[in-house]
Amino acid sequence: YFIWLASDDRLLPSFLERAVETLDADPECGLVFCDYVVRNLESHEESAVYVSSANSSNAFVRCLIRIVDMCPSLIYGMFRRSSMNEAILENFDFADIHYVMQIAIKNRIKILCEPGYVAGVKGNRIPYSLTGKKINRTAFLKKEISLFFSNMSFIYAGFLSALLILMMTKNCLMLKEIS
């Protein structure tokens with residue numbers, strides 16, 4: 002198994018044990034994560050985040066759930082090593098979501114329904130680009146659509162692609178309202 006951690010985040014004591022138990026019990030599970038808490042390291046305010054499980058045996062349903070609940074923090078879950086070896090982590094905006102979607106195409110994603118992870122943030126949580134001054138959604142959309150069409154029927158891939166474009170447009174419009 003493998004887990005990434007950022008320097009300002011922490012795992013709660015029971016998460017590792019529960020994640021290992023979950024992966025041991027289900028060989029079809031490629032990733033285990035949990036509900037989590039976002040803690041502002043300056044103001045000490047906290048907010049709970051509840052993550053949707055993608056535990057279906059159907060890849061279409063798993064991908065549908067991951068589109069509706071695009072949780073970038075899933076990258077900090079516990080991965081089955083063999084699942085990680087089948088996915089490619091690249092450098093573009095939303096690459097973390099694309100990486101998890103590659104896992105969802107092949108394996109179940111289980112969410113422990115209790116906080117097990119604390120995401121530390123400084124100040125306000127403002128989206129930023131990994132590759133430039135402005136967030137670029139193009140590479141992500143191309144990668145996701147290609148992933149869908151190379152792993153699913155035309156109907157399923159088309160539906161997921163259209164939904165993804167709608168969700169990304171909605172998120173983009175919401176960000177413009179905030180700024």
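Heads up: the sequence shown begins at 2 in our numbering, then just goes up one per residue. We put the beta carbon where it would ideally sit given N, CA and C, even for glycine. Quick caveat: nothing in here was measured; it's all calculated off a predicted structure.
First and last residue of the uninterrupted alpha helix (DSSP H) at residue i
i, result
"K107", "96–107"
"S84", "82–86"
"V62", "60–69"
Cα-Cα separation between residue i and residue j, rounded to whole angstroms
i, j, result
"K123", "V38", "14 Å"
"E145", "S57", "19 Å"
"A26", "K135", "43 Å"
"M153", "F61", "8 Å"
"N172", "L165", "10 Å"
"H45", "D9", "13 Å"
"A49", "D36", "8 Å"
Cut-off 8 Å between Cβ atoms - residues of its own chain near residue i, not counting five sequence neighbours on either side
i, result
"L148", "H99, M102, Q103, I106"
"Y2", "A20, V21, L24, M79, F80, R81, R82"
"R11", "Y118, V119, G121"
First and last residue of the uninterrupted beta strand (DSSP E) at residue i
i, result
"N41", "30–41"
"E47", "47–50"
Beta-bridge pairing of residue i - partner residues as DSSP gives them
i, result
"R11", "V119"
"K111", "V33"
Close Cβ partners of residue i (< 7 Å) along its chain, the five nearest in sequence each way excluded
i, result
"S162", "I146, F149"
Contact set for residue i: own chain, Cβ-Cβ below 6 Å, skip 5 residues either direction
i, result
"Y157", "F61"
Notebook entry, point to check: With contact counted as at least three CB pairs below 8 Å, one residue from each stretch, are the segment 131–142 and the segment 63–83 in contact?
Noted result: no
Checklist line | the segment 68–85 contacting the segment 27–36, beta-carbon criterion three pairs below 8 Å | finding: yes
Next item on the list: Indicate whether the contact test is met: 3 or more Cβ pairs, each with one atom in the segment 13–20 and one in the segment 110–121, closer than 8 Å.
Entry: yes
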